[in-house]
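Each residue of the sequence shown is one higher than the one before, counting from -16 in this note's numbering.
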Amino acid sequence: MQANVKGTTMPVLEMVLEPGEAIISTHGDLSWMSANMQLSQTTNTGGGGGIMAGLKRMAGGGGLFLTRYEATGGPGMVSFASKVPGRIFPVEVNPGHGYVVHRHGWVCGTPGITPSVALQQSFRGGLWGGEGFILQKLEGQGQAWVELSGEMTTYELAAGQSLLVHPGHVGMFNDSVTFSVIRLPGIANRYMGGDGHHLVSLTGPGTIWLQSMPLPVLAHALSEYLGGNESGRDAAAGGVVGGVLGNVLGRQV
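Set out below in structure tokens:
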């Protein structure tokens, strides 16, 4: 298996597979492929999970099934183009060392990867705390490829060290990092500051990757030029991390 990231501002991930090799991805991410690539739908990625993992993906806004691409009769190629300017890069996933990724960040992975949903420690808080902060979790064993929007900034957080981040700018972090949604302090800050009502608290130990231009924030920046009603930057960012506000944003766009 050979992975090539082509381009700069709008990269394309080109995967070249030998006969019998396969990768998995979410629905709708395919850009182009060779004629000998065989597609199938699966809930079992090889890393376990099955139907229960599919139901977890659905809770996070994904689909019950994943698409499996397998080369047949010779080497095959399948490509995934970026949705907005940004970066596509690989990460190694191992048992006990997974990653939490923003809702649309996972591009594809080897069959040992198990994508599911990540909630903050309180289930009720994860659904109703702010935007309903729901992210993807990549577990299992293998290699995954992740897409972040805009420029990427990384921070190493020591144990107990926290960083407050606007929800849309959360790109990815080690699963050793804990997260929760908190209300922005002060009524004036929430309703007059223009920064939304909630922030995400990320607490180490672990590495976090932040993205400078998440798609919903970009859409909100363009909304005044496109017409229609606006619901604020905070609601736009919720499209990244919450299924409910993501649907609201989809109706506006």
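Cβ coordinates follow ideal geometry from the N, Cα and C atoms, glycine included.
ask   = Going by the CB atoms, is the gap between residue 131 and residue 69 shorter than 9 Å?
value = yes
query = CB-CB under 7 Å to residue -11, same chain, minus the five flanking residues each way: which ones, in chain order?
reply = -5, -3
query = Hey, out of 121, 59, 76, 78, whose CA is closest to residue 88's CA?
reply = 121
task = Keeping to the same chain, check which residues put their C-beta closer than 7 Å to that of residue 160; ignore five residues upstream and five downstream.
result = 140, 185, 186, 187, 189, 191
inquiry  = Would residue 7 and residue 59 qualify as a contact pair, given that the criterion is a beta-carbon distance under 9 Å?
reply    = no
key: residue 202, DSSP secondary structure in three states   = helix
query = Between residue 3 and residue 53, what straight-line distance do the alpha-carbon atoms span, to the nearest angstrom?
reply = 6 Å
inquiry  = If distances are taken between C-alpha atoms only, which option among 198, 148, 73 comes closest to residue -13?
reply    = 73
request  = Let me know the beta strand (DSSP E) ranges lying completely inside the stretch 62 to 148, each 3 residues or longer, listed in chain order.
outcome  = 69 to 76, 82 to 84, 89 to 92, 96 to 102, 117 to 123, 125 to 132, 135 to 140, 145 to 148
message = Can you tell me whether residue 182 is helix, strand or coil according to DSSP?
response = strand
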